[in-house]
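Notes follow the structure.
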Amino acid sequence: MWSVCGDGSMATTDDVTNGMTEPCEVCDTDTLHEITVQLITEGGSGENARYSREPYRVRECLRCGNRDSQRMNNA
Ligand SMILES: [Zn+2]
Numbered sequence: 052m053w054s055v056c057g058d059g060s061m062a063t064t065d066d067v068t069n070g071m072t073e074p075c076e077v078c079d080t081d082t083l084h085e086i087t088v089q090l091i092t093e094g095g096s097g098e099n100a101r102y103s104r105e106p107y108r109v110r111e112c113l114r115c116g117n118r119d120s121q122r123m124n125n126a
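The C-terminal residue of the sequence shown carries number 126 in the numbering used here, and the numbering is unbroken.
In structure tokens form, the structure reads like this:
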């Protein structure tokens, strides 16, 4: 089966299912962004820190390649 998590960063197909038109601060205009959700491990300081994986909404501008991430859970 195909891996849903495949990155395929160099893909140039038109069927960008996660494509969203959003403002890009680098391009200074609305551009197509690829939206993905990644679990990013947040570690505290010290060995006893609890690690938690928080879902981040990562978006990448398909025009300039600028990326930013935003935590989805507002604690
Ligand atoms: Zn951009």
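Even glycine gets a Cβ: it sits at the ideal position worked out from N, Cα and C.
Note that the structure is predicted; figures quoted are calculated from it, not measured.
For residue i, the three-state DSSP class (helix, strand or coil)
| i | result |
| --- | --- |
| L113 | coil |
| D81 | strand |
| Y102 | coil |
| E76 | coil |
| S120 | strand |
Distance between residue j and residue i (C-alpha atoms, nearest Å)
| i | j | result |
| --- | --- | --- |
| C112 | Q121 | 14 Å |
| D81 | G94 | 34 Å |
| T92 | R114 | 28 Å |
| P74 | N124 | 22 Å |
For residue i: DSSP bridge partner residues
| i | result |
| --- | --- |
| G70 | E85 |
Selection from the options that minimises the alpha carbon distance to residue i
| i | options | result |
| --- | --- | --- |
| H84 | R108, Y102 and N124 | R108 |
| P116 | Y102, T72, R104 and C78 | Per the sequence presented here, residue 116 reads as Gly, with Pro not at that position. G116 has its Cα closest to that of C78, out of Y102, T72, R104 and C78. |
| G70 | R118, D119 and R110 | R110 |
Please output, in chain order, the residues near ligand 1 using a CB cut-off of less than 7 Å to any non-hydrogen atom of the ligand.
Any residue whose Cβ sits closer than 7 Å to a heavy atom of ligand 1 makes the list: C75, V77, C78, T82, C112, R114, C115 and N117.
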